[in-house]
Each structure stands twice: as structure tokens, then as C-alpha cells.
Amino acid sequence: MSQPNPDLFDQENCALLAAQAVYNIEAGAADTYRTALGELISCYDQLLRQTRRLVRRSDRQEFEMNQLNHRLADLANELEYRATHDSLSGALNRAAVIERAQHFLARSDMAMIVLDIDHFKQVNDSFGHPVGDTIICGVVDCLQRTLQTPGEIGRVGGEEFTVILPQQNYLQAQQIAEHMRAAIAERDFALPDASRITASFGVSWMPAGADFGTAYSEADEAMYEAKRSGRNRVIRADQLLRA
Amino acid sequence: METLYIAATPSSPEVNFDFGQHQLSIRGESYPENAAAFYGDIIKRLREYLANCTKTRINVDISLAYFNSSSTKMLFNIFEALNSAVDAGNEVILNWYHYEEDDTILEFGQELHVDFPEISFFDRPVKTA
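Those protein sequences? They're chains X and S, same order as listed.
Sequential numbering of the first sequence, starting at 1, is according to UniProt numbering.
Sequential numbering of the second sequence, starting at 1, is according to UniProt numbering.
Given below as C-alpha cells:
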């Protein structure tokens, strides 16, 4: 006799077939039915008990899996955040700035602001790195408070930051940069010698389809021109080219 | 009676039923593609062995880090068979191994203890490596 495909419920199926066979006997003896019913009861009882255990067990496992999935989602979010943000200031890191800028430029025009804190090395050397860190965070705070339009703020180097502004024209971007410059210059960073912090700004604007490298190098060049011409000012890359 | 040995695979446990020593063990993880097929022959061999046991002390070690619902259904059949063997005059000692912090498997073992009272049940928590 060949073995049919084994099934999880072979035992229960056998019991069912046996019960059906007895049921089909039209005028059997009373104890024939009683015996069959007894067998069916014992099988049913076992099935009920096993089902109860199985459901309880799978409920527990589902619950655990659910909790693990939530934990996994939280960790994935945290990992994503850490991979894209500067741990000190909470601004985007360099790689994330490049990625977002390329994303914007693929769809629309985009203005870019590059700024660098003036004399940062001197401040760091005079007052130490913890004070330097406070300044970095304070500058990012000024940028965040000033930025009212859609845009992203990133820390691309030690004391160098980038603000990317999709769908903003040159004039709007220049005004935003000017507000940022003023916010930093007016802020009290509580330095031991009560001195002020300033930053120099360069602004570029690119039509949709331009690449990140061009947008960045034009803004960077304008920022260096702001440094050369006295610091604590905003220079647009298009003014630079005409000069 | 010849030992039944089945090596572990990533989805099925190692089965080592040393009938001569009355020492039966299942260890690993159990989510085979077809649990009825995997456990079907094992249970058939187990029943043949148990039918010939009289006044025998049988040691069973179960150490499953994970088993799916289909495997659970088949495990019930193994425990039914062992429980009946006690009714037939044998002694069955079940060592239920689980990771210390795995409450799901611990609780499942405790339920087995309730459902199959004839089997001498021993909870064996194992520290995670």
C-alpha cells in the first residue's frame, strides 16, 4: 500500500472518516453509534486542547514579533538619522547635503549658500574645543531659526556650512543669507572675552539639471571673496563673475 | 532496535533516537517545508519502539530554539505517544531545554507538563552564549 501525502491532520481526518462511515449505517446497534461517538469525542477533545495551545503560542509569538518589528523600525530610523546627520550640531552631514542637493537639482532650480565662521581657528585655540563646539551649535541654531522657507542646513566641514534652497531665486537666497549673517553677528555666544562671532557667506544659483559640484564651487568662491573683502558679509557668485 | 539519526538542516532539527540506550533527543530549529512529512516517519518509528517497551526508563531531551506551528502540531503527537507509553507501564523523563530568557518556549513547556501529566517534566533553562 503506497503512503499518501502526509498531512498535519491525518489523525483527525481518519477519525472523521470513521465517524462518517458509522453515521451512514442506517439501522445499526446502539452501541455501534455510542462507540463511534466516544472515539469522536476523544479526538475532538484532543484537537480542542491542541488548538488552544497553538493559538496561545502563536499569539505570544506574534506579540513578540510585533515588538521586535517596532524596535527594528526605531533602530533603522536612528541609523538613518546618524548616517545623515552631524552628531555635534544635528545639521545634515556632507554626504547627505550632496545627496539632497542632487535630488533637488534633478527636479528644479536651486540656490546654495556656503558660509564659513570667521577666525574660528583662533577662537578654538584661545578658548579650547568645548567653546568651539558651542559656537558650531550656536551657528546652526541661528541658521535654523532664520530659515523659514523649505531648505536644508548642512555642516560640510569643520566650521563650514551649507544651506540648500530649492526654488529660490538669487535675490531671495541673498536675503536669506543676509538674515543669517545678521543673526550670527548679533548673537551673544558668551565668549570669555565677550567678543562676537561672524561668518562670511557666498551664494550661488543653478537652474534645474545643474550638478552639485558647480553649485558648490561657485558659492565657495563667492564665500572666499567675502573673506578677502573683509569678512562678515554676503557675496553672490554672479556679482563675482561680473567683477 | 536500530538508532534513528537525522542530521540537522537550517530548517529542521537533529533527531537522534538511540532506541538501544532509550535515549531520544531532538535539537535545533524546526520549520521544515513539510512538517507532516518530516515528523511522520519519526513518529512511526517512535511508536514501533514504544510498543516494545515495558517497564523501561526513557530519557527524552528536547532542545528547540524555534519551532513553527506545523512542527508544534507534530510535537503534540510525539508527546501523546510518550504519554501513552507511561500509561503502558514505562517511565518517561522529558528534559525541556530553552534559552533562559525565552518565555514563549518556557511557557509552552509548562503547558506540556499540564497536558501530559504522565511524563516527568524537567525545565532546563540554558544561559545564552
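Backbone N, C-alpha and C define an ideal beta-carbon position, used for all residues, glycine too.
Out of S/2, S/55, S/40, S/62, the CA that lies nearest to the CA of residue 13 of chain S is found in S/62.
Closest in C-alpha terms to residue 123 of chain X, from the list X/149, X/140, X/136, comes X/136. Under DSSP, residue 125 of chain S shares a beta bridge with S/98. When the Cα atoms are used, residue 26 of chain X and residue 35 of chain X turn out to be separated by approximately 16 Å.
Excluding five sequence positions before and after residue 227 of chain X, the CB atoms of its chain that fall closer than 6 Å to its own CB belong to 200, given in chain order. Sequence-distant Cβ neighbours of residue 177 of chain X in its own chain, meaning closer than 6 Å and more than five residues away, are 113, 201, 203, 234.
What residue 9 of chain S touches in chain X, judged by beta-carbon distance under 9 Å, is nothing: the nearest beta carbon there is about 18 Å away. For the pair residue 166 of chain X and residue 107 of chain X, the CB atoms are nearer than the 9 Å cut-off. In the displayed model, residue 199 of chain X falls within a strand according to three-state DSSP. Listed along the chain, the chain X residues whose CB falls inside 9 Å of the CB of residue 48 of chain S amount to none; the nearest CB is some 15 Å away.
Taking C-beta atoms as the reference points, residue 76 of chain S and residue 49 of chain S fail to come closer than 9 Å. With respect to the C-alpha of residue 141 of chain X, the residue from X/92, X/39, X/127, X/24 having the closest C-alpha is X/92. At a cut-off of 9 Å, the C-beta of residue 7 of chain X has a neighbouring C-beta in chain S. Positions of the alpha helix (DSSP H) runs, each at least 4 residues long and wholly inside the UniProt domain "GGDEF" (108 to 239) of chain X, are given as 120 to 127, 129 to 146, 170 to 186, 212 to 228 in order along the chain. Look at residue 88 of chain X here: in three-state DSSP terms it is coil, with no helix or strand label. Annotation: the continuous alpha helix (DSSP H) that includes residue 108 of chain S extends over 103 to 115.
With respect to the 9 Å criterion, residue 216 of chain X and residue 162 of chain X are classified as neighbours on the basis of their beta carbons. For residue 55 of chain S, not one C-beta of chain X is nearer than 9 Å to its own C-beta.
If you look at residue 83 of chain S, you'll find it in the alpha helix (DSSP H) that goes 69 to 87. In the DSSP assignment, residue 98 of chain X falls within the alpha helix (DSSP H) that extends over 94 to 105.
Put simply, the CB of residue 40 of chain S is near chain X, with a gap under 9 Å to one of its CB atoms. With contacts defined by Cβ atoms closer than 9 Å, residue 58 of chain S and residue 93 of chain S form a contacting pair.
Within the region 35 to 52 of chain X, contact with chain S at the beta-carbon level (separation under 7 Å) is assigned to 49, 50. For residue 28 of chain S, the enclosing beta strand (DSSP E) stretches over residues 23 to 30.
Assignment of residue 120 of chain S by DSSP, reduced to helix, strand and coil, places it in the strand class.
S/36 is the residue among S/36, S/115, S/2, S/27 whose C-alpha sits nearest the C-alpha of residue 5 of chain X. Under the three-state reduction of DSSP output, residue 63 of chain X falls in the helix class.
If the five residues before and after residue 27 of chain S are omitted, its C-beta is found closer than 6 Å to the C-beta atoms of 13, 14, 63, all from its own chain and listed in chain order. For residue 104 of chain X, same chain residues with a beta-carbon under 8 Å away, outside a window of 5 residues either side, are 110, 164, 166 in chain order. Residues of the region 57 to 89 of chain X with a C-beta atom less than 8 Å from some C-beta of chain S are 57, 58, 60, 61, 64, listed in chain order. Only residues of its own chain outside the window of five on either side were considered, and among them 111, 170 have a CB closer than 6 Å to the CB of residue 205 of chain X, listed in chain order. Remark: C-beta atoms of residue 219 of chain X and residue 154 of chain X do not approach each other more closely than 9 Å. Below the 9 Å Cβ cutoff, chain X contributes no neighbours of residue 127 of chain S, its closest Cβ being approximately 20 Å away. Secondary structure of residue 17 of chain S (DSSP, three-state): strand.
Note: residue 58 of chain S is bridge-paired with S/92 in the DSSP secondary-structure output.
For a Cβ distance threshold of 7 Å, nothing in chain X lies close to residue 88 of chain S: the least Cβ distance comes to about 17 Å.
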